[in-house]
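There are 2 protein chains.
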Amino acid sequence: MKNNLKVARVQVNLTQQQLAEKVGVTRQTISLIEKGKYNPTLKLCLEICYAVNKTLDEIFWIERESDKIAKN
Amino acid sequence: MKNNLKVARVQVNLTQQQLAEKVGVTRQTISLIEKGKYNPTLKLCLEICYAVNKTLDEIFWIERESDKIAKN
DNA sequence: ATATAATGGAATATATAAATTACATAGATG
DNA sequence: CATCTATGTAATTTATATATTCCATTATAT
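Here it is in structure tokens:
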């Protein structure tokens, strides 16, 4: 699973710590999500999107074969 | 948390059982998500969207006060 | 050179998503 | 009526998201 969270977070000028506080989780959780090592809960995804002012579709996606072709 | 899953699933002519098999979970999990009693995993949400041919934003959202106004 | 801020990562504990099994009900259909 | 399909729900178990605590590293600033 891939995501744009790190870019989106920096765009709104938040540290991992600040974002974590805004959405009510720990910094480690944010870190692991950005690293793609977690499969977060929908509710948390929605809270994060709200905090960084993006939609779900803008931040989260699964990298499928069809996507890879489109990326070149 | 609210969602449009039931409508989207019926639109593509799938039973809960069929959708569950497609995305690799049990029927109960689909049922609970449709009823809004689960907070599903992002990965599962993405699989579901793929199966019913919708985007995340089209199916899942949090009902906020600002949303409620817009619905009238 | 040494604080300090921001991030990555590991190890263990806790909460909860999801599986499993089982039973109940409503609708359709023979 | 009896049967089959689709769905709701409950109890228990298992897997894993998240918390907690701690240490390491990099970059910036003093």
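In order, the protein sequence lines correspond to chains A and B.
Following UniProt numbering, the numbering of the first sequence begins with 1 at its first residue and continues without gaps.
Following UniProt numbering, the numbering of the second sequence begins with 1 at its first residue and continues without gaps.
Every residue, glycine too, gets a C-beta built ideally from N, C-alpha and C.
Specify, as a first and last residue, the run of the alpha helix (DSSP H) that I62 (chain B) falls within.
Within the second sequence, numbered from 1, the residue matching residue 62 (chain B) stands at position 62. Premise fails: I62 (chain B) is in no alpha helix (DSSP H) and is neither H nor E.
Less than 7 Å between C-beta atoms, sequence neighbours within five positions excluded: which residues of the same chain meet that for K71 (chain A)?
Walking along the first sequence from the start, residue 71 (chain A) turns up at place 71. For K71 (chain A), the pLDDT reaches just 34, beneath the cut-off of 50, and the residue's location in the model is therefore unreliable, although a value from the coordinates is still provided. Hits under 7 Å: none found.
DSSP state of N53 (chain A) mapped onto helix, strand, coil:
In the first sequence, the residue the question calls residue 53 (chain A) occupies position 53. Residue state, collapsed to three classes: coil.
Taking only the alpha-carbon atoms, compute the straight-line gap between Q16 (chain A) and L56 (chain B) and give it to the nearest angstrom.
Residue mapping note: residue 16 (chain A) aligns to position 16 of the first sequence, counting from 1. Residue mapping note: residue 56 (chain B) aligns to position 56 of the second sequence, counting from 1. So the two alpha carbons sit approximately 24 Å from each other.
By how many angstroms is the C-alpha of P40 (chain B) removed from the C-alpha of M1 (chain B)?
Here residue 1 (chain B) refers to the residue found at position 1 of the second sequence. Here residue 40 (chain B) refers to the residue found at position 40 of the second sequence. Between M1 (chain B) and P40 (chain B), the C-alpha separation is close to 10 Å.
Along the alpha helix (DSSP H) that carries T29 (chain B), what are the first and last residues, could you check?
Translated into positions along the second sequence, residue 29 (chain B) becomes position 29. Per DSSP, T29 (chain B) belongs to the alpha helix (DSSP H) from 27-34.
Candidates A:L14, A:E34, A:F60: which alpha carbon is nearest A51 (chain A)'s?
Looking up residue 51 (chain A) in the first sequence gives position 51. Of the candidates A:L14, A:E34, A:F60, the one whose C-alpha sits nearest the C-alpha of A51 (chain A) is A:L14.
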